[in-house]
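Input: a single structure, listed below in structure tokens.
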Amino acid sequence: MIVRPVKVSDLPALMALVQQAGPGFTTLPANEDRLSHRVRWAQRAFAEQVERADADYLFVLEDDDMRVVGVSALAGAVGLREPWYNYRVGLTVSSAPDLGIQRQIPTLFLNNELTGQSELCSLFLGHDQRHGSNGRLLSLGRLLFVAEFPHLFGEKMIAELRGSADEHGCSPFWDSLGRHFFQMDFSHADHLSGLGNKSFIAELMPRQPLYTCMLTEQAQAAIGQAHPNTEPALKILQAEGFTHKGYIDIFDGGPVIEAPVRNIPRDE
Numbered sequence: 001m002i003v004r005p006v007k008v009s010d011l012p013a014l015m016a017l018v019q020q021a022g023p024g025f026t027t028l029p030a031n032e033d034r035l036s037h038r039v040r041w042a043q044r045a046f047a048e049q050v051e052r053a054d055a056d057y058l059f060v061l062e063d064d065d066m067r068v069v070g071v072s073a074l075a076g077a078v079g080l081r082e083p084w085y086n087y088r089v090g091l092t093v094s095s096a097p098d099l100g101i102q103r104q105i106p107t108l109f110l111n112n113e114l115t116g117q118s119e120l121c122s123l124f125l126g127h128d129q130r131h132g133s134n135g136r137l138l139s140l141g142r143l144l145f146v147a148e149f150p151h152l153f154g155e156k157m158i159a160e161l162r163g164s165a166d167e168h169g170c171s172p173f174w175d176s177l178g179r180h181f182f183q184m185d186f187s188h189a190d191h192l193s194g195l196g197n198k199s200f201i202a203e204l205m206p207r208q209p210l211y212t213c214m215l216t217e218q219a220q221a222a223i224g225q226a227h228p229n230t231e232p233a234l235k236i237l238q239a240e241g242f243t244h245k246g247y248i249d250i251f252d253g254g255p256v257i258e259a260p261v262r263n264i265p266r267d268e
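The C-terminal position of the sequence shown is numbered 268 in UniProt numbering, with every residue numbered one higher than the one before it.
Here it is in structure tokens:
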């Protein structure tokens, strides 16, 4: 197995691969035109022909038979061309001393605080390749690229991990929160975001803090929790120093983890 930069000739294999991913992988929509554009743009990024705000480095995992069996990517910077939204999980404290009442309520704050940071994204490994160290190689191969060329990236490297959703693409976090403002199901909203249509987030999402106690128990439990299929990727990155500091995905509530680029090891 090797990890290498993507080539135009990889497009048919990539298209077949992303069709396995299903809903929830917003940066890998099964759309041939968008995927083709992304492959060609990645080649320009590797040649350092684009600004950091536009850089998109796409890697593939190739097996011994030269078949593309996995994909992963790096974004040079998020939020510099279009807004980048997350929720930050904070705490609201209120009290009524005369009544002996004090409440500490977990609260969601819509924010753009990660603007300008770099992102690990678009990781997917074919279902029949999820064994041995394939997942680790696919994930960490791109980190070696970051360690070798840190000047191409921001102060932090972040990773937005897939949150809880069932086999039908239903998300308890979305159903309890986002659906009421967007009036569409999770899969549709996620698909629009993956196609680059993110303006609707700013237009429709409330700017006020949201108290998590107003959500269903299932939605509260989903906050900051990775999808079971994403747990292996989470553990790999945690072993490399990535931590969760309270940021979550606005669609499914999945964790956003981060690590300083300067701390990413050059040798693995």
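All residues carry an ideal CB built from backbone N, CA and C; glycine is no exception.
query: What does S72 pair with, by DSSP beta-bridge criteria?
result: Position 72 of the sequence shown holds residue 72. Per DSSP, F59.
query: Between the segment 200-215 and the segment 64-77, are three or more C-beta pairs nearer than 8 Å?
result: no
query: Under three-state DSSP, which class holds V6?
result: In the sequence shown, residue 6 corresponds to position 6, counting from 1. In this structure, V6 counts as coil in the three-state DSSP scheme.
- prompt: Roughly how many angstroms lie between the CA atoms of F242 and A219, to the nearest whole one?
  reply: Translated into the one-based positions of the sequence shown, residue 242 becomes position 242. Translated into the one-based positions of the sequence shown, residue 219 becomes position 219. Going from the Cα of F242 to the Cα of A219 covers about 24 Å.
- request: Give the C-beta separation of S171 and F109 to the nearest angstrom, bearing in mind that I take them to be a contact with Cβ-Cβ under 8 Å.
  value: Translated into the one-based positions of the sequence shown, residue 171 becomes position 171. Translated into the one-based positions of the sequence shown, residue 109 becomes position 109. That belief does not hold up - the Cβ atoms of S171 and F109 are roughly 20 Å apart, past 8 Å.
query: Can you name, in chain order, every residue of its own chain whose Cβ lies under 6 Å from the Cβ of T212, other than the five neighbours on each side?
result: The residue you call residue 212 lines up with position 212 of the sequence shown. These residues qualify, in order along the chain: P106, Q220.
- request: Would you mind reading off the limits of the beta strand (DSSP E) that contains E258?
  value: For the purposes of this step, residue 258 is taken as residue 258 along the sequence shown, with counting starting at 1. Note, E258: beta strand (DSSP E), 255-260.
message: Rounded to the nearest angstrom, what separates W84 and T27 at their Cα positions?
response: Against the sequence shown, residue 84 aligns to sequence position 84. Against the sequence shown, residue 27 aligns to sequence position 27. So the alpha carbons of these two residues sit roughly 13 Å apart.
task: Tell me where the beta strand (DSSP E) around A159 begins and ends.
output: Start at 1 with the first residue of the sequence shown, and residue 159 comes out as number 159. Where A159 is concerned, the enclosing beta strand (DSSP E) stretches over 156-160.
- prompt: Secondary structure at T115, three-state DSSP: helix, strand or coil?
  reply: Position 115 of the sequence shown holds residue 115. DSSP places T115 in coil when its eight states are reduced to three.
query: Between the Cα of H188 and the Cα atoms of G154, P29, Q102, D10, which residue gives the shortest distance?
result: Numbered from its first residue, the sequence shown carries residue 188 at position 188. Residue P29 is the option with its Cα nearest to H188.
task: Spatial neighbours of L210 within its chain, please: CB distance less than 6 Å, with the 5 preceding and 5 following residues excluded, ordered by chain position.
output: Taking the sequence shown and counting its residues from 1, one reaches residue 210 at position 210. Hits under 6 Å: L108.
task: Assuming A42 and D33 form a contact by the criterion Cβ under 8 Å, report the distance between their Cβ atoms to the nearest whole angstrom.
output: For the purposes of this step, residue 42 is taken as the residue at position 42 of the sequence shown. For the purposes of this step, residue 33 is taken as the residue at position 33 of the sequence shown. So it is not a contact: roughly 15 Å between Cβ atoms.
message: Between which two residues does the beta strand (DSSP E) holding A233 run?
response: For the purposes of this step, residue 233 is taken as residue 233 along the sequence shown, with counting starting at 1. No beta strand (DSSP E) holds A233; the alpha helix (DSSP H) holding it covers 231-239.
- prompt: From this set, A45, L80, R130, M1, which residue's C-alpha is nearest M66's C-alpha?
  reply: Mapped onto the sequence shown, residue 66 falls at position 66. Answer by Cα proximity: M1.
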